[in-house]
Amino acid sequence: MLLTTILGFFGGLFGANGIPHYLTGVTGREHPSPFGSSSVVNAIEGWAMFLLGGTLWYFAWIQNYVLYAFISAALGMLVIALVHTQVWVKNPEFYKRILPGRK
107 MLLTTILGFF
117 GGLFGANGIP
127 HYLTGVTGRE
137 HPSPFGSSSV
147 VNAIEGWAMF
157 LLGGTLWYFA
167 WIQNYVLYAF
177 ISAALGMLVI
187 ALVHTQVWVK
197 NPEFYKRILP
207 GRK
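Counting from 1 along the sequence shown, just add 106 to a position and that's the residue number in the working numbering.
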């Protein structure tokens, strides 16, 4: 059960973290990333996050502890969402640069 909870949490976290990177990458926009902010880097990073999240989810043995797996994945998704909100709040100059109409 503990392994299911841990893998489910990180599967949700990495899977949800891939969404903004992949979407900004495939639409040709920049997005802050540890590996660079270009659209190509973000598309690859988002793709890699989806693969990592899916792999962790696969090995979480969710069939044995379905409720624990889904709750832990949902918490992982919430955690990364809150992390992303703080990144945007603490980095307003990047936000202004990629969305010029915003203040």
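The beta carbon of each residue, even a glycine, is placed where N, CA and C say it ideally should be.
Nearest candidate by alpha-carbon position, reference residue i, set the options
i: residue 109; options: 144, 160, 145 and 167; result: 167
i: residue 155; options: 174, 123 and 182; result: 123
i: residue 194; options: 137, 115, 112 and 130; result: 137
i: residue 149; options: 163, 157 and 129; result: 129
6 Å CB neighbourhood of residue i in its chain, flanking five on each side removed
i: residue 159; result: 117, 120 and 121
Beta-carbon proximity list for residue i, same chain, < 7 Å, skipping 5 on both sides
i: residue 151; result: 127, 139 and 141
i: residue 190; result: 126
heavy atom of the ligand NAP below 6 Å from residue i C-beta
i: residue 186; result: Judged by which ligands are present, the structure shown has none, so any question about the ligand NAP falls away.
Whole-angstrom distance between residue j and residue i, CA atom to CA atom
i: residue 165; j: residue 175; result: 11 Å
i: residue 173; j: residue 107; result: 10 Å
i: residue 111; j: residue 178; result: 6 Å
i: residue 182; j: residue 196; result: 21 Å
i: residue 180; j: residue 115; result: 7 Å
Cβ neighbour criterion (16 or more within 10 Å) applied to residue i
i: residue 134; result: exposed
i: residue 161; result: exposed
Cutoff 7 Å: residue i Cβ touching any chain B Cβ
i: residue 165; result: In the structure shown, chain B cannot be found, because there is only a single protein chain.
Exercise for review: Enumerate, from N- to C-terminal direction, the unbroken alpha helix (DSSP H) stretches of 4 or more residues contained entirely within the stretch 168-202.
Suggested key: Listed in chain order, the complete alpha helix (DSSP H) runs (minimum 4 residues) inside the stretch 168-202 are 172-196.
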